[in-house]
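Okay, so here's the structure we're looking at.
In this note's numbering, the protein residues as written are 14 to 154.
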């Protein structure tokens, strides 16, 4: 386990030397759809331009499914009775993907604080969030 964490730190330190354009160009060469682009993101904290606003870390993903809609892939991997925020791997950026057409928030203050306690390095919400003041107070990008 420690070796994997060490490897993640080495990869993060290596990637930190590259700009977003460098990474996007590499992803294009690897034929990654969209070259890593995620539309409509707004940085809440720290302020844009702050050196701390660049975060390089492994990603932990949470794909939400609409109620009553079972996904063929990926298979569900959150145990019954466990909240997804409690499963946040330390040192990761958590990416949350909301189902299309939903209007409820998939992330709020309590979940953000829990992810911070679990040592998340950042939170990306592709969808709706609430409790913006609490989200900002975590100081997580």
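Beta carbons: idealized from backbone N, C-alpha and C, even for Gly.
Owing to the predicted nature of the structure, the values given are computational and were not obtained by experimental measurement.
Just list the residues that DSSP pairs residue i with in beta bridges.
i           : result
residue 110 : 76, 139
residue 120 : 142
If I'm right that residue i touches residue j with Cβ under 8 angstroms, what's the distance once you round it to whole angstroms?
i           : j           : result
residue 155 : residue 104 : Lying before the first or after the last residue shown, residue 155 is absent from the chain, which here runs from 14 to 154.
residue 40  : residue 48  : 4 angstroms
Which one of the options has the shortest CA to CA distance from residue i?
i           : options          : result
residue 152 : 79, 143, 58      : 58
residue 217 : 68, 46, 40       : The structure shown does not extend to residue 217, since the chain spans only 14 to 154, so no value can be given for it.
residue 72  : 86, 138, 116     : 138
residue 129 : 142, 106, 140    : 106
residue 23  : 49, 114, 135, 70 : 70
residue 141 : 41, 133, 116     : 116
residue 101 : 154, 52, 131     : 131
residue 154 : 37, 45, 54, 38   : 54
residue 136 : 89, 50, 56, 83   : 56
residue 133 : 148, 82, 88      : 148
Under 6 angstroms: does the beta carbon of residue i sit that close to some heavy atom of the ligand SAH?
i           : result
residue 116 : Ligands displayed in this structure: none; no statement on the ligand SAH is therefore possible.
Sufficient close CB pairs (3 or more, under 8 angstroms) joining the stretch 119-134 to the stretch 93-108: Counting Cβ pairs under 8 angstroms, three or more are found: they touch.
At least three beta-carbon pairs within less than 8 angstroms, the stretch 83-93 to the stretch 112-122: Segments in contact, no.
Inter-stretch contact (C-beta, 8 angstroms, three-pair minimum) for the stretch 76-83 and the stretch 109-117: Yes, since at least three Cβ pairs between the stretch 76-83 and the stretch 109-117 fall closer than 8 angstroms, the two stretches touch.
Beta strand (DSSP E) segments (min. 3 residues) lying fully within the stretch 29-54: Qualifying beta strand (DSSP E) stretches: none in this window.
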